[in-house]
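Here it is in structure tokens:
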């Protein structure tokens, strides 16, 4: 059955992937090109994927998906990559396909699902998340942004930070305080709100890597409808815990870098040379490269095992996502460190010129990859989750 499905996917991709888009880099906001032919091809590709339900292939068809299994979804991604492209819809939807959408499928009302999921699955509506605040990072439950209910709906006031893509999003899922008299985790709710309104201001945050999706976001009497509450009132902590599990699950495919298409061992041979038998001249580097490749293979096999255990159905997101999130971080950061060492001084170039595009990209990804230890719940937070929920060790963090 899998063979027949793979053949059908190959046939569809061959017939529908525009030639102008083959081997053209695609980023989180689309193609970085001024060529009208490439821009038109990209939009056509998005529309075709959306019509096929492949923007979110495991979602029900009634919400814009294709009702496929996770295994089938991975087959689609692999075949599209082999054809020289990728599925841009999860990028275009921001936090929609990977985080807000799966949470809506579990907690949303029928009206909320019908209203929001198709736009995510087609990549036409981008979502951001209002979670962290200047004084509420790893201790997210200490957040202070408020939402009060009046006759017309919710009124929101406060500030969020690290809101990825907030300046380019149409909708936001925000964690807000709705009962200040309750214990800090008991007085929180999760609201859905439109970003295009006078009460919301976004300010992009620049990062050392030179590229950044992050913003500071300010809410001054911003509005949300009464029925934009996701889940139960004052039970937003349950909603966001599930949402963050989906986030960690989406971050487990390492190495998630644009330079990862070139095997690191091939880069090493090109820069450092080989012995007559084809092995690297540096035995210590050879050993550390082997360790890295084994770590990468173990990570990928673990993902495959979890998917197999699901017997072809949707993978249940659990605390094991924390293991994979940290493993993905180790693999991606380890690769970046090795690349810089292999390239030497050439790995420290910032702009093409004396440096190739590959070299300039290596240092940016090394710097940008440092954030993997922080976003989506820090490396240390994941260890706390693993120790408590998997190993059964006693709670050691501050309770609230």
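Numbering (this note's numbering), first residue to last: 13 to 412.
We put the beta carbon where it would ideally sit given N, CA and C, even for glycine.
Whole-angstrom distance between residue j and residue i, CA atom to CA atom
{"i": "residue 312", "j": "residue 299", "result": "20 Å"}
{"i": "residue 353", "j": "residue 376", "result": "14 Å"}
{"i": "residue 267", "j": "residue 295", "result": "Low confidence applies to residue 267: its pLDDT is 38, below 50, so where it sits in the model is not reliable, and the reading given next is rough at best. Taking the straight line joining both Cα atoms gives about 24 Å."}
{"i": "residue 147", "j": "residue 171", "result": "10 Å"}
{"i": "residue 405", "j": "residue 197", "result": "22 Å"}
{"i": "residue 73", "j": "residue 355", "result": "47 Å"}
{"i": "residue 199", "j": "residue 149", "result": "17 Å"}
{"i": "residue 169", "j": "residue 380", "result": "31 Å"}
{"i": "residue 99", "j": "residue 308", "result": "23 Å"}
{"i": "residue 275", "j": "residue 304", "result": "11 Å"}
{"i": "residue 145", "j": "residue 173", "result": "5 Å"}
{"i": "residue 360", "j": "residue 367", "result": "9 Å"}
{"i": "residue 285", "j": "residue 292", "result": "6 Å"}
{"i": "residue 142", "j": "residue 297", "result": "43 Å"}
{"i": "residue 36", "j": "residue 48", "result": "13 Å"}
{"i": "residue 224", "j": "residue 84", "result": "32 Å"}
{"i": "residue 50", "j": "residue 39", "result": "14 Å"}
Start-to-end residues for the alpha helix (DSSP H) that takes in residue i
{"i": "residue 134", "result": "122-134"}
{"i": "residue 374", "result": "369-380"}
{"i": "residue 62", "result": "48-64"}
{"i": "residue 89", "result": "82-94"}
{"i": "residue 118", "result": "113-119"}
{"i": "residue 155", "result": "Looking at the DSSP string, residue 155 is not in any alpha helix (DSSP H), and its letter there is neither H nor E."}
{"i": "residue 104", "result": "101-104"}
{"i": "residue 392", "result": "391-397"}
Distance between beta carbons of residue j and residue i, contact taken as under 8 Å
{"i": "residue 135", "j": "residue 105", "result": "5 Å"}
{"i": "residue 91", "j": "residue 66", "result": "With 8 Å as the limit, residue 91 and residue 66 do not qualify as a contact, their Cβ atoms being about 11 Å apart."}
{"i": "residue 120", "j": "residue 242", "result": "6 Å"}
{"i": "residue 32", "j": "residue 53", "result": "4 Å"}
{"i": "residue 93", "j": "residue 133", "result": "Not really, about 20 Å apart at Cβ, beyond 8 Å."}
{"i": "residue 384", "j": "residue 259", "result": "At roughly 12 Å, the Cβ-Cβ gap does not stay under 8 Å, so residue 384 and residue 259 are not in contact."}
{"i": "residue 280", "j": "residue 255", "result": "No, residue 280 and residue 255 are not in contact; Cβ-Cβ is about 39 Å, not under 8 Å."}
{"i": "residue 237", "j": "residue 211", "result": "Actually they are not in contact, since the Cβ atoms of residue 237 and residue 211 sit about 14 Å apart, beyond 8 Å."}
N-terminal and C-terminal residue of the beta strand (DSSP E) that residue i is part of
{"i": "residue 166", "result": "165-173"}
{"i": "residue 142", "result": "139-142"}
Write down every uninterrupted run of the beta strand (DSSP E) in the segment 219-265 whose length is 3 residues or greater and which is fully enclosed by it, in chain order.
227-236
For the structure I just gave you, are there three or more beta carbon pairs, one from the segment 204-221 and one from the segment 167-187, closer than 8 Å?
yes
Kindly confirm or deny that the segment 227-236 and the segment 385-400 touch, where touching means at least three C-beta pairs closer than 8 Å.
no
At what residue ranges does the segment 184-219 contain a whole run of the beta strand (DSSP E), taking only runs of 3 or more?
200-206 and 212-216
Taking one C-beta from the segment 109-124 and one from the segment 155-167 each time, how about it: are there three or more such pairs within less than 8 Å?
no
Which whole runs of the alpha helix (DSSP H) in the segment 278-347 are 4 residues long or more, in chain order?
295-321
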